[in-house]
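Report on the following structure.
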Amino acid sequence: MPETATATAVYAYQAQHPLEERCAESARLRERHPGMVPVVCEAAAAGRKGGRVCHTMVPATATAAQLCDAVRAAAELGATAPLSLTTNDGMPSSNALVGELYEHCKNADGFLYVKYSVEQKFGYDPYWYKVCMDYYHTFV
């Protein structure tokens, strides 16, 4: 059954690449990297820094907290940026295994799709955090 743009193209990667191409790519990645889960991650809010589509391979035995670290690295976000992840089933617990998430939330194309958002709790802003830390390190 072909995809419809309104039903499944929630992610930019899905809208930009046909289903057959995505299926072939995920199959190739899973064959080349057994025991790993192919993940497509996108920023939840359009236009944010790091808002591009990024891909990563994560061990099926990794936890959602480790997936969060992998998304930080793939999206080139700072290691201290407070990040939250959501899948089509909602926000995973930090100790959920990526392999279990994959089995429950994988798309028909074979990818696990994750949306991430940099939380702005307690006034955290990545730009100003970097500016302040750079200033602080001039004195230390």
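Heads up: the sequence shown begins at 1 in full-length UniProt numbering, then just goes up one per residue. Yeah, the Cβ is synthetic: ideal placement off N, Cα and C, and Gly gets one too. Fair warning: this is a prediction, and the values are worked out from it, not measured in the lab.
Inter-residue spacing [alpha-carbon to alpha-carbon] between VAL40 and HIS55: 5 Å
Hey, how far is the Cα of ALA12 from the Cα of GLU42? 8 Å
Pop quiz: residue 141 and TYR116 are said to be a contact at Cβ under 8 Å. What is the actual Cβ separation, rounded to whole angstroms? The requested residue 141 does not occur in the structure, where the chain is confined to residues 1 to 140.
Give me the Cβ distance between VAL118 and LEU77, rounded to the nearest whole Å; I'm assuming they're in contact under 8 Å. About 7 Å separates the CB atoms of VAL118 and LEU77; that is less than 8 Å, so the two are in contact.
How is HIS104 classed by DSSP in three states: helix, strand or coil? When secondary structure is reduced to three states using DSSP, HIS104 falls in the helix class.
Cβ-Cβ distance between ALA70 and SER94 below 7 Å: The answer is no: Cβ separation not under 7 Å.
Alpha carbon to alpha carbon, how far is VAL10 from ALA79? So the alpha carbons of these two residues sit roughly 27 Å apart.
Candidates ALA73, GLY90, ASP89, of which the one nearest PRO82 by Cα: ALA73
Would ASP89 pass as a contact of CYS68 if the rule is Cβ separation under 7 Å? no
Taking its Cβ as the centre, do 16 or more other Cβ atoms sit within 10 Å of GLY50, making it buried, or is it exposed? Here the model assigns GLY50 a pLDDT of 47, short of 50, so the residue's position is not dependable, and the following value carries that caveat. Buried, by the Cβ-count rule.
DSSP-derived helix/strand/coil call for residue 147: Residue coverage of the chain in this structure runs from 1 to 140, which leaves residue 147 outside it and unanswerable.
Just the Cα atoms here: how many angstroms apart are GLY35 and MET57? Each residue's Cα considered, the two are about 10 Å apart.
In three-state DSSP terms, what is SER93? The answer is coil: DSSP assigns SER93 none of H, G, I, E or B.
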